[in-house]
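In the working numbering, the protein residues as written are -13 to 305. A virtual CB, placed ideally from N, CA and C, is assigned to each residue, including glycine.
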Amino acid sequence: MAILTGLVRQIHLSLSVGAGTKAVAQALVAACPDNAAQIEAARKIAGGRTLPLGAALELWRGVALGDAIRTAGDAMMQRPLLRGGADLPVDLDALAVAAAIRAACPDAIWSVAALPLGDAARADPRVFAMLEGYAWIGVRGACLDPATAVLVAGMTEGNGPPPSGSPMRCGSDPLDTVQVQVLDATTQDGIGWIAFDIDDMTGEEIGHACDHLRDTPGVVELVLFSGQGKKGRPVTRFEILVKPGAQDRVIDAVFLQTTTLGVRHGVQARRVLPRWPSEGVGLRAKQALRPDGSVTEKIEADDLAVLPTLRERRAARRR
């Protein structure tokens, strides 16, 4: 499975002094190995020439590229064309790499860290016209050349947001002048947490309390743990996860459904993997994208429950 799908949230680039179009292309390829076939096909068709932007755009529209890649590359040349003119240099090889990746993940945000300013006095003024509004950082060395500026302006619209999400892949060129992070759609948020201990309720009473608490609006999950408390008493610990804003309501329910006189509560950070229901017929399943790019699958428990034997249920779970 190619990792660059609608699950990719962001592609973030960092350029240092010495970065050029070749280095950008190398870093993008290194960060996206699962899409090597699509990238290589686009490179072969586009060719490795550097042409003036006007000529490059005309050639690009005439070659036998897929619609998604052609559209992506065309859009990438429009911003430099408007800001810098038709005589700007375009590295078609690097453009093909970026366009293939953009076509594979059309919903991803492209962003770039502050750009290396270098010797601004000797830089081509068209670089700053194309990259007006971008952040720059003062460093020694050469500023970006026009062809690299065309590529950056085409891939991004300003610096964009800082990297957010879990890195799925990272890549760089051999000299490490360009780094690329491919970040997944992992969400990070806060979730309410409530915990308390019970040592004076029967198992039946605890079961009834759990049923009522799980039905309380805002409860995400409730789990029980067995332990030993003071004076050797058996203790049942309740831990409840609740949606933001529902803590007070759930705590009130805890005091009504159990004998506890106090609870511990707070907000915990959590990270959630991208997940989606499986497609097709048969047993329903939930699929998830792991940080290494692999996809795992878990059959829905309700669908397993209807199978008559343990052997069949285990076999279905391992499908």
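Residue i, buried or exposed, once every other Cβ within 10 Å from all chains shown has been counted against 16
i: Asp288; result: exposed
i: His194; result: exposed
i: Leu(-1); result: buried
i: Thr295; result: exposed
i: Ala42; result: buried
i: Ile123; result: exposed
i: Ala61; result: exposed
i: Phe182; result: buried
i: Thr134; result: buried
i: Arg47; result: exposed
i: Thr245; result: exposed
i: Ala291; result: exposed
Member of the options whose CA lies at the smallest distance from the CA of residue i
i: Gly231; options: Val249, Arg155, Val253; result: Val253
i: Val249; options: Trp179, Pro111, Arg257; result: Trp179
i: Asp175; options: Ala72, Thr36, Arg257; result: Arg257
i: Val76; options: Gly140, Ala16, Glu26; result: Gly140
i: Arg276; options: Val240, Ile285, Ser152, Asp197; result: Ser152
i: Ala13; options: Ile(-3), Gly119, Pro66, Ala27; result: Ile(-3)
i: Ala27; options: Ala86, Glu283, Val125, Ala302; result: Ala86
i: Val205; options: Lys284, Ile192, Phe224; result: Phe224
Backbone CA spacing between residue i and residue j [nearest angstrom]
i: Phe114; j: Leu81; result: 20 Å
i: Asp201; j: Pro147; result: 39 Å
i: Leu37; j: Met63; result: 12 Å
i: Thr7; j: Leu208; result: 53 Å
i: Ala54; j: Ser97; result: 20 Å
i: Gly215; j: Leu227; result: 23 Å
i: Arg108; j: Cys129; result: 8 Å
i: Asn145; j: Leu1; result: 12 Å
i: Leu74; j: Leu103; result: 19 Å
Residue interval of the beta strand (DSSP E) (run including residue i)
i: Val168; result: 164 to 170
i: Lys284; result: 281 to 285
i: Thr222; result: 220 to 228
i: Gly213; result: 205 to 214
i: Thr36; result: 36 to 38
i: Val98; result: 95 to 98
i: Val(-6); result: -6 to 1
Boundaries of the alpha helix (DSSP H) in which residue i is found, first to last residue
i: Asp159; result: No alpha helix (DSSP H) holds Asp159; DSSP gives it neither H nor E.
i: Gly59; result: 53 to 70
i: Ala255; result: Not the alpha helix (DSSP H): Ala255 falls in the beta strand (DSSP E), residues 250 to 258.
Rounded Cβ spacing between residue i and residue j (contact assumed at less than 8 Å)
i: Pro260; j: Asp170; result: 6 Å
i: Ala32; j: Val15; result: The pair is not a contact, with the Cβ atoms about 14 Å apart (cut-off 8 Å).
i: Val164; j: Pro66; result: Actually they do not touch by this definition, with Cβ atoms about 18 Å apart.
i: Val240; j: Cys91; result: Not confirmed; about 44 Å, so no contact.
i: Gly127; j: Val3; result: 3 Å
Any C-beta of chain C under 9 Å from that of residue i
i: Ala58; result: No chain C is part of this structure, which consists of one protein chain only.
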